[in-house]
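Undergrad: Attaching a single structure in structure tokens format; questions to follow.
2 protein chains.
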Amino acid sequence: MSNPTLHDVARAAGVSYSTADRVLNERGGVAAKSIQRVQRAIQELGYRRDIRAANLSRRRSYRFAVFLPQGDHGFFSSLGQALLAQAEARAADRVSVTLCDPSRPDDAIREGGEWDCAALVGTESEGLAQVMAELTDRGIPAITLVSDIDGSRRGYVGIDNTVAGRTAGRLLRLAHGRGAGRILPVLGSLSLRDHRERLDGAAEVLAAPGSRLVLLPPVEVHDQPDRMRDRLDAALRADAGITGIYSIGAGNRGLIALMEAGGEGRPFVVLHELTPHSRAALERDLIDVVIDQKPAEEAARALDAMRAIADGEEPPAAVITPAIFFKENLPGVPA
Amino acid sequence: MSNPTLHDVARAAGVSYSTADRVLNERGGVAAKSIQRVQRAIQELGYRRDIRAANLSRRRSYRFAVFLPQGDHGFFSSLGQALLAQAEARAADRVSVTLCDPSRPDDAIREGGEWDCAALVGTESEGLAQVMAELTDRGIPAITLVSDIDGSRRGYVGIDNTVAGRTAGRLLRLAHGRGAGRILPVLGSLSLRDHRERLDGAAEVLAAPGSRLVLLPPVEVHDQPDRMRDRLDAALRADAGITGIYSIGAGNRGLIALMEAGGEGRPFVVLHELTPHSRAALERDLIDVVIDQKPAEEAARALDAMRAIADGEEPPAAVITPAIFFKENLPGVPA
DNA sequence: AAGAAAATGATTGACGTGTTTCTTTTTCCG
DNA sequence: CGGAAAAAGAAACACGTCAATCATTTTCTT
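Protein sequences, first through last, are from chains A and B.
Each step along the first sequence adds one to the number in my numbering, with nothing skipped, and position 69 is 69.
Each step along the second sequence adds one to the number in my numbering, with nothing skipped, and position 37 is 37.
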């Protein structure tokens with residue numbers, strides 16, 4: 001039989017449907033002997049519960065919360081949009097997503113929210129620990145996005161930031177051929193785990209045998225475009241030998257503006273996240289490489305993982321391979 | 001109402017459930033006026049049929065066929081495995097996949113197969129046109145994978161091969177810095193559309209202003225490792241100035257063997273598809289870059305598209321962004 | 001062995017849609 | 001106006017599971 005039902009299982013086990021159901025759904029009150037017989041029948045028949053029928057019956061819906069920092073941050077907003085778009089696309093599966101601001105712990109939405117799973121974007125913001133505690137308190141499982149967090153969580157969806165850093169390092173080395181150079185890393189803050197990991201990854205490759213590149217001490221710009229512009233400008237003036245820039249975090253508008261003003265002979269620039277700004281900068285040869293973590297895919301995987309958890313399964317491993325964009329391989333604008 | 005049912009629609013339209021059903025499923029025998037009223041109600045309530053309930057009711061299953069060239073071709077076999085694995089993962093959605101050999105037109109499987117949708121891997125093989133005719137004949141919709149095909153098909157899932165070629169070109173330019181060089185393209189056959197597109201993409205970038213690279217005439221090796229090795233060996237001996245190789249198709253075991261034997265001072269090598277061989281070669285510094293079209297993702301998108309078509313929807317656009325792998329950013333071995 | 005407790009069986013009505021059959025109402029046409 | 005045809009309604013069963021209730025049987029306890 002291609003698709004045995006629970007009735008078939010019950011028959012094969014020599015018990016009633018009720019008993020099979022009690023075993024399957026762990027309702028208790030079943031003799032050990034019967035449990036074994038049912039489980040064996042499940043094994044032998046290769047029974048798998050029809051999730052569609054089950055969800056239909058229990059009027060199941062998937063209510064997910066995503067705690068996403070708000071504000072002027074291109075990547076986060078596009079991740080938010082991708083999440084909402086994905087939820088819309090899965091409306092037939094009764095998936096809904098609520099975006100929450102982690103920095104407002106007493107958010108009304110959060111008060112009333114009854115969620116089946118939550119996702120935390122792992123920037124070490126103030127409210128996040130509080131949110132985690134609250135979720136644990138209420139027994140709501142959580143995964144992390146973008147950057148991992150220590151603590152009890154059920155899975156991580158996002159890129160491997162160390163690998164991303166290594167990628168940047170490799171690209172910088174490629175761009176320098178056999179020549180020497182000085183690379184300036186710019187990041188939001190050293191206290192952010194994802195930034196630190198990227199920096200470490202890059203450092204590893206730049207320090208490897210055969211490299212004639214030097215990684216300078218990182219500049220912290222707190223993801224702010226103006227600060228990015230000022231600090232970077234100062235650093236470039238102070239050290240005329242800088243041949244490469246690795247922008248690890250956000251605030252790249254400031255970097256791009258500087259490159260635009262800078263004239264020819266600019267350093268080789270690698271940065272993260274494909275946004276309208278960075279895309280335009282690539283096209284205009286103001287920067288060289290964009291490493292993108294593909295918010296759309298990340299959103300899809302995040303919902304997959306949260307759904308699996310809500311269904312009581314193990315979330316699938318979801319390490320996203322970041323995309324590398326040059327001027328020449330930009331994706332077509334979706335029609 | 002969050003999730004209106006067809007009953008709700010019927011009530012809102014002031015007709016019976018039967019009539020609403022007749023309109024929804026286009027069974028005919030409904031007055032134009034009623035059709036309009038029902039459709040308006042669907043619009044206003046934002047009704048969407050619950051596909052799970054619908055599938056449950058009609059005992060729906062998704063039976064897909066994939067026509068995949070067999071034989072000693074790492075990528076195709078990993079794509080095949082990925083497809084089967086994906087089907088297994090979606091067993092709960094009643095998805096099943098049958099792999100067929102396009103070069104055996106009288107295959108027993110193919111004879112008896114009743115499929116809801118098919119996928120054709122678009123290598124211009126002999127049997128493929130016949131398969132397409134057969135499918136059209138039977139009214140089975142089809143999509144293309146890996147390489148597009150002209151003709152009546154409902155969608156394409158895979159990478160943009162022209163963009164992939166441009167990517168290779170850009171990487172080769174990067175690797176040469178401002179220096180000059182001669183690039184040797186190696187491909188299966190110029191009659192294969194995907195190979196041609198990749199070559200064109202690379203040519204475009206290598207011929208762009210500022211480039212000091214020359215793209216040599218392509219060598220055809222018909223995806224065979226020994227031929228790859230022989231032809232490539234001959235070409236490298238004939239032209240000592242070759243500084244880069246772009247391997248567009250398969251048969252890379254021959255290339256890798258040659259690089260291994262070749263000693264130091266080898267050219268910069270870009271090739272396609274991450275396989276155990278190419279991975280090992282990257283790790284051992286025998287080649288430099290692998291452009292991968294991610295068979296697992298391709299399989300997932302292919303099933304998404306086929307399912308959408310089987311459900312009578314428009315398949316989602318699925319242009320996959322190829323991954324670029326260096327030695328430094330190889331994905332971890334899945335645990 | 002009687003009674004309590006535990007285990008099991010039997011049955012029922014959802015969930016939202018598909019599908020069929022049969023009846024009733026409306027519309028059309030000569 | 002009468003009859004046929006078209007349109008609409010009503011009802012039932014199915015799909016596989018969940019969840020609850022109630023009746024029955026088995027097992028355990030004293």
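Just so it is clear, CB atoms sit at the ideal spot from N, CA and C, and this is done for glycine as well.
Compute the beta-carbon to beta-carbon distance between residue 52(B) and residue 52(A), rounded to the nearest angstrom, for a pair I have assumed lies under 8 Å.
TA: So it is a contact: roughly 4 Å between Cβ atoms.
Undergrad: Quick one: which chain A residues come within Cβ less than 8 Å of residue 161(B)?
TA: Those do not exist, as residue 161(B) stays about 11 Å from chain A at its closest Cβ, beyond 8 Å.
Undergrad: Taking the CB atoms as reference points, tell me whether residue 214(B) and residue 181(B) lie closer together than 9 Å.
TA: Contact flag set, yes.
Undergrad: On the premise that residue 119(A) lies in contact with residue 302(A), defined as a C-beta separation below 8 Å, what is that separation, rounded to the nearest angstrom?
TA: Sure, about 6 Å apart at Cβ, within 8 Å.
Undergrad: Within a Cβ cutoff of 6 Å, which residues of the same chain sit near residue 231(A), ignoring the five residues on either side of it in sequence?
TA: Within the same chain, residue 231(A) has close Cβ partners 219, 221.
Undergrad: Measuring alpha carbon to alpha carbon, tell me which residue in 115(A), 185(A), 158(A), 155(A) is nearest residue 245(A).
TA: With distances taken between Cα atoms, residue 245(A) lies closest to 185(A).
Undergrad: For the pair the stretch 62-73 of chain A and the stretch 282-293 of chain A, tell me if three or more CB-CB distances fall below 8 Å.
TA: Segments in contact, no.
Undergrad: Helix, strand or coil for residue 268(B), going by three-state DSSP, please let me know.
TA: The answer is strand: DSSP assigns residue 268(B) an E or B state.
Undergrad: Would you please verify whether the beta carbon of residue 324(A) is less than 9 Å from any beta carbon of chain B?
TA: Yes, residue 324(A) counts as interfacial toward chain B.
Undergrad: So which residues on chain B does residue 56(A) lean against when the C-beta distance must stay under 8 Å?
TA: In chain order: 50, 52, 53, 56.
Undergrad: Which residues mark the beginning and the end of the alpha helix (DSSP H) in which residue 123(A) is found?
TA: Residue 123(A) -> no alpha helix (DSSP H), and no H or E assigned at all.
Undergrad: Report, in whole angstroms, the separation of the C-beta atoms of residue 361(A) and residue 225(A), which I expect to be a contact under 8 Å.
TA: Nothing can be reported for residue 361(A): it is not among the residues displayed for chain A, which extend from 1 to 335.
Undergrad: Does any C-beta atom of chain A lie closer than 9 Å to the C-beta of residue 3(B)?
TA: Residue 3(B) counts as touching chain A.
Undergrad: Does the stretch 319-326 of chain A touch the stretch 20-38 of chain B, meaning 3 or more C-beta pairs lie closer than 8 Å?
TA: Short answer: they don't touch.
Undergrad: Between the Cα of residue 313(B) and those of 329(B), 162(B), 155(B), 268(B), spot the shortest distance and give me the residue it belongs to.
TA: Nearest C-alpha to residue 313(B): 155(B).
Undergrad: Taking CB distances under 9 Å as the criterion, tell me whether residue 194(B) reaches chain A.
TA: False, the Cβ-Cβ gap to chain A never drops below 9 Å.
Undergrad: If we count Cβ pairs, one from each stretch, closer than 8 Å, do we get three or more for the stretch 194-201 of chain B versus the stretch 257-268 of chain B?
TA: The stretch 194-201 of chain B is not in contact with the stretch 257-268 of chain B.
Undergrad: In whole angstroms, give me the CA-to-CA distance for residue 1(B) and residue 45(B).
TA: At residue 1(B), the pLDDT of 47 sits below 50, so the modelled position is not reliable; the number obtained from the coordinates is stated separately. Rounded to the nearest angstrom, the two C-alpha atoms are 8 Å apart.
Undergrad: CB residue 49(B) to CB residue 14(B), shorter than 9 Å?
TA: No, they are not a contact pair.
Undergrad: Measuring from the CB of residue 48(B), is there a heavy atom of the ligand FAD at a distance below 8 Å?
TA: In the structure on display, the ligand FAD does not appear, and there are no ligands present to speak of.
Undergrad: DSSP puts residue 57(B) in a beta bridge; with which residues?
TA: For residue 57(B), which the question treats as bridged, DSSP gives no partner whatsoever.
Undergrad: Give the residues of chain B in contact with residue 92(A), contact being defined as C-beta atoms less than 9 Å apart.
TA: Per Cβ cutoff of 9 Å: 48, 49, 50, 51, 52.
Undergrad: Taking the alpha-carbon of residue 134(B) as reference, which of 123(B), 145(B), 115(B) has the nearest alpha-carbon?
TA: Residue 115(B) is the option with its Cα nearest to residue 134(B).
Undergrad: For chain B, is any of its Cβ atoms less than 9 Å away from the one on residue 265(A)?
TA: Chain B contact via Cβ: absent.
Undergrad: For residue 300(A), which residues from the same chain have a beta carbon less than 6 Å from its beta carbon, with the 5 sequence-adjacent residues on both sides left out?
TA: If we look at residue 300(A) and ignore the five residues flanking it on each side, its Cβ neighbours are 86.
Undergrad: Is DSSP giving residue 255(B) helix, strand or coil here?
TA: Helix at residue 255(B).
Undergrad: Check residue 219(A) in the structure and name its three-state DSSP category.
TA: Residue 219(A) falls in the strand class under three-state DSSP.
Undergrad: Skipping 5 residues on each side, what residues in its chain have a beta carbon closer than 7 Å to that of residue 268(A)?
TA: 172, 175, 243, 244, 288.
Undergrad: Take residue 165(B) and list the residues in its own chain whose beta-carbon comes closer than 7 Å to its own, dropping the five residues that flank it on each side.
TA: Contacts found: 197, 198, 199, 200, 201, 202.
Undergrad: Counting only beta-carbon atoms, is residue 174(A) nearer than 9 Å to chain B?
TA: It does: the Cβ of residue 174(A) has a partner Cβ on chain B nearer than 9 Å.
Undergrad: Could you pull the start and end residues of the beta strand (DSSP E) that residue 318(A) belongs to?
TA: 318-320 is the extent of the beta strand (DSSP E) around residue 318(A).
Undergrad: Cutting at 6 Å between CB atoms, please list the residues of its own chain near residue 160(A), excluding the five before and the five after it.
TA: For residue 160(A), where only same-chain residues beyond five positions count, the Cβ hits under 6 Å are 319.
Undergrad: For the candidate residues 35(B), 29(B), 27(B), 28(B), whose alpha-carbon lies nearest to that of residue 10(B)?
TA: Out of 35(B), 29(B), 27(B), 28(B), 35(B) has the C-alpha closest to the C-alpha of residue 10(B).
Undergrad: Sorted by chain position, which residues of the same chain lie with C-beta nearer than 7 Å to residue 334(B)'s C-beta, five sequence neighbours on each side aside?
TA: Residue confidence is low: residue 334(B) scores 48 on pLDDT, short of 50, so the model does not pin down where it sits. No coordinate-derived value is stated.
Undergrad: Going by other Cβ atoms of all chains shown within 10 Å of its Cβ, with 16 needed for buried, is residue 16(A) buried or exposed?
TA: Looking at its Cβ environment, which holds fewer than 16 other Cβ atoms inside 10 Å, residue 16(A) is exposed.
Undergrad: Hey, is residue 214(A)'s beta-carbon within less than 9 Å of any beta-carbon in chain B?
TA: Output row for residue 214(A): interface = no.
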